[in-house]
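K.L.:
My numbering puts the first residue of the sequence shown at 3, with every later residue one more than the last. Note that beta-carbon positions come from the ideal geometry of N, C-alpha and C, so glycine has one too.
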Amino acid sequence: MARVAVVTGGTRGIGEAISVGLKEKGYKVAATYAGNEKAAQEFTERTGIPAYKFDVSDFEACQSAIKQIESDLGPVEVLVNNAGITRDGVMHRMTPEQWNAVIQTNLTSCFNMCRCVIDGMRERSFGRIVNIGSINGQAGQYGQVNYAAAKSGIHGFTKALAQEGAAKGITVNAIAPGYIDTDMVRAVPPNVLEKIVAKVPVGRLGKAEEIARGVAFLVADDAGFITGSTLSINGGQHMY
Ligand code: NDP
Numbered sequence: 003m004a005r006v007a008v009v010t011g012g013t014r015g016i017g018e019a020i021s022v023g024l025k026e027k028g029y030k031v032a033a034t035y036a037g038n039e040k041a042a043q044e045f046t047e048r049t050g051i052p053a054y055k056f057d058v059s060d061f062e063a064c065q066s067a068i069k070q071i072e073s074d075l076g077p078v079e080v081l082v083n084n085a086g087i088t089r090d091g092v093m094h095r096m097t098p099e100q101w102n103a104v105i106q107t108n109l110t111s112c113f114n115m116c117r118c119v120i121d122g123m124r125e126r127s128f129g130r131i132v133n134i135g136s137i138n139g140q141a142g143q144y145g146q147v148n149y150a151a152a153k154s155g156i157h158g159f160t161k162a163l164a165q166e167g168a169a170k171g172i173t174v175n176a177i178a179p180g181y182i183d184t185d186m187v188r189a190v191p192p193n194v195l196e197k198i199v200a201k202v203p204v205g206r207l208g209k210a211e212e213i214a215r216g217v218a219f220l221v222a223d224d225a226g227f228i229t230g231s232t233l234s235i236n237g238g239q240h241m242y
């Protein structure tokens, strides 16, 4: 029987590539999104993958969405925590709203989503969780105290939950992408982006599909001995 995979923020960018990559591998995929209806609708038309709208930073919303997904598709055995936002600004100008939005959406969301699926995974003695971190959680980044803190938190979260899940057949890993060609990176001013690309040994931005490939590898049934690890996919920019 096909395993059910949930990909948060799975309708655009890296998430879209992950959703499509998993579908191609035979998973029954549910993609989630926050509010970009047009992107979600076009995604579903293009891929045939259902899209579920809810805010990953809201615990109760996650609970009812998982309930709905499980009743539509079956028990969730694979969870990819990919949804994320940036609200950049240097510390001396950052507002509490910018801080809270990024921590809630990028980090608290991992707690919310994992908490909703962990009991079922433990009961069935199988689970695959992949959390999407960032090179900027490993190395820090000017103007991203909030984002770097959230992403760095994801890496600690991953290692701790991996220890809890290990005896129950649940693996928990992180991927730390470098700069990938998506809407998020297209929002960076071109002169700044040029400088970033100049620091990537491979000499280009990454492709969303290159992250999706890592996810498919980590969630595979025969990847049961890989847990608590962080896979850096960054064109050699930061070797950690
Ligand atoms: P995009 O901005 O292209 O897409 C973000 C996705 O997350 C969208 O589907 C969006 O939904 C969803 N989302 C945002 N906020 C919420 C929320 N509160 N609740 C539910 N869904 C939400 O992002 P990317 O594809 O670029 O990034 C994906 C992940 O990879 C993020 O975690 C990001 O931090 C990380 N990353 C990205 C890098 C890059 O270079 N692009 C580098 C390193 C890490 P909607 O469409 O409705 O807005």
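#1: Can you name the residues that DSSP bridges to Pro-203?
#2: Just the Cα atoms here: how many angstroms apart are Glu-26 and Met-93?
#3: Between the region 10-22 and the region 34-48, do at least 3 Cβ pairs fall closer than 8 angstroms?
#4: Would you kindly work out how many angstroms separate the C-alpha atoms of Ser-59 and Val-9, rounded to a whole number?
#5: Rounded to whole angstroms, how far is the Cβ of Leu-220 from the Cβ of Ile-228, which I believe are closer than 8 angstroms?
#6: Take Val-204 and list the residues in its own chain whose beta-carbon comes closer than 7 angstroms to its own, dropping the five residues that flank it on each side.
#7: Would the C-beta of Arg-206 count as close to the ligand NDP, meaning under 6 angstroms from any of its heavy atoms?
#8: Residue range of the beta strand (DSSP E) that Ala-176 falls in?
#9: In angstroms, rounded to a whole number, what distance separates the CA positions of Thr-184 and Ala-210?
#10: For Asn-83, count neighbouring C-beta atoms within 10 Å of its own C-beta (all shown protein chains included) and say buried if the count is 16 or more, exposed if not.
#11: Going by DSSP, what residues sit across from Lys-55 in a beta bridge?
P.N.:
A quick look at the data gives this:
#1: Answer is none; Pro-203 lacks a bridge partner.
#2: So the alpha carbons of these two residues sit roughly 43 angstroms apart.
#3: Of all C-beta pairs linking the region 10-22 to the region 34-48, three or more are shorter than 8 angstroms, placing the two stretches in contact.
#4: Rounded to the nearest angstrom, the two C-alpha atoms are 15 angstroms apart.
#5: The pair is a contact, with the Cβ atoms about 6 angstroms apart (cut-off 8 angstroms).
#6: Closer than 7 angstroms at the Cβ level, and outside the excluded window around Val-204, lie Gly-237 and Gly-238.
#7: No - the ligand NDP has no heavy atom lying nearer than 6 angstroms to the Cβ of Arg-206.
#8: Ala-176: member of the beta strand (DSSP E) spanning 172-179, first to last residue.
#9: About 7 angstroms.
#10: Classification for Asn-83: buried.
#11: Bridge partners of Lys-55 according to DSSP: Tyr-35.
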